[in-house]
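J.: My structure is below; once you've seen it, I'll send some questions.
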Amino acid sequence: MKCEIIKDLMPLYIDGLASAESVEELQQHLKNCPECRQYLDEMRGKLSEIPKAEIPRKLDFLKKLKRRHRAILVGSGIFLALIFLLIKVFVIGFPVRLEDVQLQTFSDGENFQLTMQLKNGENKALYFVDSRWDSHEIVLRPYWSVRLPFDDASDSCTLGYSLTGEEEMRLTLLFADGEKTFMGDTPLNEEAS
Ligand SMILES: [Zn+2]
Numbered sequence: 044m045k046c047e048i049i050k051d052l053m054p055l056y057i058d059g060l061a062s063a064e065s066v067e068e069l070q071q072h073l074k075n076c077p078e079c080r081q082y083l084d085e086m087r088g089k090l091s092e093i094p095k096a097e098i099p100r101k102l103d104f105l106k107k108l109k110r111r112h113r114a115i116l117v118g119s120g121i122f123l124a125l126i127f128l129l130i131k132v133f134v135i136g137f138p139v140r141l142e143d144v145q146l147q148t149f150s151d152g153e154n155f156q157l158t159m160q161l162k163n164g165e166n167k168a169l170y171f172v173d174s175r176w177d178s179h180e181i182v183l184r185p186y187w188s189v190r191l192p193f194d195d196a197s198d199s200c201t202l203g204y205s206l207t208g209e210e211e212m213r214l215t216l217l218f219a220d221g222e223k224t225f226m227g228d229t230p231l232n233e234e235a236s
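At the far end of the sequence shown sits residue 236, using this note's numbering, and the numbering has no gaps.
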């Protein structure tokens, strides 16, 4: 429909006297014709109905978008927490407490061997995280984690070193609740941290 015809229809439209068919044609035209929309606004002296109808729809869309966004954020937060928990339990593990292990040492004057076994170690893996391992000092942090079904990790660990080196080896085990030190094959005092 031409703009002139639309403009002629407007007074009838504003007064609600236009036929349903004319109203539909007019509204269709207004959607695509800013000039007629402005004309209608001026004629009414107030906002046209079309932007009014569009604004709530846009707000509604934004709200839905925000709600969706929040759901994604919460979802990914839970997902990340779960991943972290799994990594923590199965990979990183937890520091071992001195009271949770049994230590066995062996020395024949030439070699020293220390075996650490987890008490209640079923389905757990014990391992050492070495903070330092050089020619005369070993510092280790014992950790335990939940053993994965396909993992052949054990609930005990053994380490050994030679006692005939130039310098005596110093071994420090850093537990969650204290540390244990060996000088060569001689246990030094346990120190609570
Ligand atoms: Zn027009």
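Glycine is no exception: its CB is placed at the ideal position from the N, C-alpha and C atoms.
Nothing here was measured: the structure is a model prediction, and the numbers come from that model.
1. For ligand 1, is there any heavy atom lying closer than 7 angstroms to the beta carbon of I49?
2. May I ask you to check if the CB of E78 is nearer than 7 angstroms to at least one heavy atom of ligand 3?
3. Within 10 angstroms of the Cβ of L130, are there 16 or more other Cβ atoms? Answer buried if so, exposed if not.
4. Would you say the beta carbon of H72 comes nearer than 7 angstroms to a heavy atom of ligand 1?
5. Taking only three categories from DSSP, how would you classify R184?
6. In the DSSP assignment, find the unbroken beta strand (DSSP E) run with R213 in it and report its ends.
7. What is the DSSP secondary structure of D58, counted as helix, strand or coil?
8. Compute the Euclidean distance between the alpha carbons of D195 and V117, then round it to the nearest angstrom.
9. Going by DSSP, what residues sit across from C76 in a beta bridge?
T.: This is what the structure gives:
1. Yes - ligand 1 has a heavy atom lying nearer than 7 angstroms to the Cβ of I49.
2. This structure lacks ligand 3; the ligands present are ligand 1.
3. Residue identity check: residue 130 is Ile in the sequence provided, not Leu. When all chains shown are included, I130 counts as exposed.
4. yes
5. strand
6. 213-218
7. coil
8. 36 angstroms
9. According to DSSP, C76 bridges with nothing at all.
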